[in-house]
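What follows is a set of notes on a single structure, which appears directly below.
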Amino acid sequence: MKGTHELTNSVRKLRRAADMTQEDLADRAGVSRQTILAIEKGNYTPSVGLALMLAAVLKVRVEDLFQLSPGQLNEGGQSLTQIPEGGTS
Amino acid sequence: MRQTGAVRTIRVTTPTWIAGGLMTVGILLAVSGAGWWFLLLAAAGALGPGLLREFGILNELDEFEQEVHRRAGYHAYLAGTLVAFLLTALSRSEGLTRLADSAITLLLIVPLFTWFLSSLFGYWGTVKAARRILLCFGSLWLTFAILSNTGSEWTGWTAFLLHPLLSAPFFVAAATARRWPVATSVLLMGCAAGFCYLFGIFSDSPIQWLDRMVVVILFIGPLFACGSALLRLHYHLSGKPHRHHSGNSNSVHQESRSGADEADDEDSDSD
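Those protein sequences? They're chains A and B, same order as listed. In terms of the numbering used here, the first sequence opens at residue -11 and continues consecutively. In terms of the numbering used here, the second sequence opens at residue 952 and continues consecutively.
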C-alpha cells in the first residue's frame, strides 16, 4: 500500500526478556492485551505515543522495539545506512 | 516466565455490554409484536457508543480497538452502500414504486452484520476469527437442523443424519482454516455458491429471492466472509516482504505458508 511501511518488531522478545506477560505489559502501557498481541504479531503498528510508552515500560529504545524491514530499507536502491548524519542525502 | 491465571480473550467494556443489551432487548421487543418502534432501542445500542465516542464523551477504547472499529465501519459502509445501489437499480429497472419489506430489512442487516464480522476479524486476526465464527455458526445451524428435524419429509435415521450435514462445511472449514487457508477459502466460497443454488437464488427472479435474502445472508454470510477474509490474508501476505530480522518472533513467510498468524494466540499470552 502506498505510504505504508513494513515493520518488524522485537516486542515479544524484549517483553519476555523483561519477564513480563502480555497482560502485564498491557496494564502498564494502558492498553488491552489484545493490542499487545496484535503488535507482537505485526498485525498492528502502534502510534508513536504507544511505541514510546512500550519502550519506556520495557526500558529500551523505540528503535530496539521497531525496525523498518530490510526490503523497505533497500527500496529505491537506497539504504538508510547510506543517509548521512542529519538525515539529508 | 510467569504464568498468568485466567486470560481474557476479548475485552468487553461496560458500554459494550449496555449496547449489546439494548440491541437484544430492542430487537426482541420489536419482533415479538410489542411494536416496531422498539427498533429505535436497538438503534441506540448499535449507534450510541459510536456517537458518544465521536463527541468525546466515551473514551474507553485503546487505539487498536478504535482502529478495529473504524475499519469495521468502513467495511460496513462498503457493503451497505453496495446493497443500497443494487436495490436502487433493481427497483428502478423493475419499475417498482415501493421497496419490498425484505429489501428494507436487508439494508439494515447487511451493514450491521458486516460491521460485526469485520470487528471480530480485526480484533482476533483473520484465521482465529474465521475459526471461531465458523464454529459458532456451525453449532447454531447444527442445533437448528436437529430441532427442525420434526415435521420434515425426511424422517427417522435418514433425517437425523442428513439434516446436520448442512452444518458440516462450517466445522470442516474451521478445522482446516489454520493449515490450509487457501483451500479452505475455496471450500467456503464453493459452499456459499452451493447454498445459493440450494436456496434457489440463481433460478428465481431477483424480486422473488429478495424475500429469502435475510435468511440467506445469515446462512451464507459467515461462509462468504470467512472465505474472502482467508483469501485476502493469503494474497495480502504473499505481497509482503519476508521478514528475516532475528529479533522478530513472528515470521510473515511462515504466516503466508500456513496461515498460522494467529495460531499461537491462545498460548502466547500464558508465557
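Beta carbons are placed, not taken as given, at the ideal position from N, Cα and C, and that holds for glycine. Keep in mind that this is a model prediction, so the values were computed, not measured.
- The DSSP-derived three-state label of residue 1098 (chain B) is helix.
- Within chain B, 1015, 1076 have C-beta atoms less than 8 Å from the C-beta of residue 26 (chain A), given in sequence order.
- Looking at the DSSP output, residue 56 (chain A) shares a beta bridge with A:-5.
- For residue 13 (chain A), not one C-beta of chain B is nearer than 8 Å to its own C-beta.
- Taking C-alpha positions only, residue 28 (chain A) is separated from residue 985 (chain B) by approximately 49 Å.
- At a cut-off of 8 Å between beta-carbon atoms, residue 1018 (chain B) makes contact with chain A.
- In this structure the segment 1177 to 1185 of chain B lies against the segment 1078 to 1094 of chain B, because at least three pairs of beta carbons, one per stretch, are closer than 8 Å.
- About 3 Å separates the beta carbon of residue 996 (chain B) from that of residue 973 (chain B), a gap short enough to meet the 8 Å contact definition.
- Counting along the chain, the unbroken alpha helix (DSSP H) around residue 1066 (chain B) starts and ends at 1052 to 1075.
- With respect to residue 45 (chain A), residue 1015 (chain B) sits apart: the two C-beta atoms are not nearer than 8 Å.
- Here the alpha carbons of residue 1098 (chain B) and residue 33 (chain A) stand approximately 46 Å from one another.
- Residue 1140 (chain B) sits in a helix when the DSSP states are folded into three classes.
- For chain B, the residues of the segment 38 to 55 of chain A that bring a beta carbon within less than 7 Å of one of its beta carbons are 38, 55, in chain order.
- Boundaries of the alpha helix (DSSP H) around residue 974 (chain B): 965 to 982.
- Rounded to whole angstroms, the separation of the alpha carbons of residue -5 (chain A) and residue 6 (chain A) is 22 Å.
- Contact between residue 992 (chain B) and residue 971 (chain B) is ruled out by a C-beta separation of about 12 Å, above the 8 Å threshold.
- Straight-line spacing of the CA atoms in residue 1123 (chain B) and residue 1043 (chain B) works out to 42 Å.
- Interface flag for residue 19 (chain A) against chain B is set, since a Cβ pair is found closer than 8 Å.
- With respect to residue 1062 (chain B), residue 1027 (chain B) sits close: the two C-beta atoms are nearer than 8 Å.
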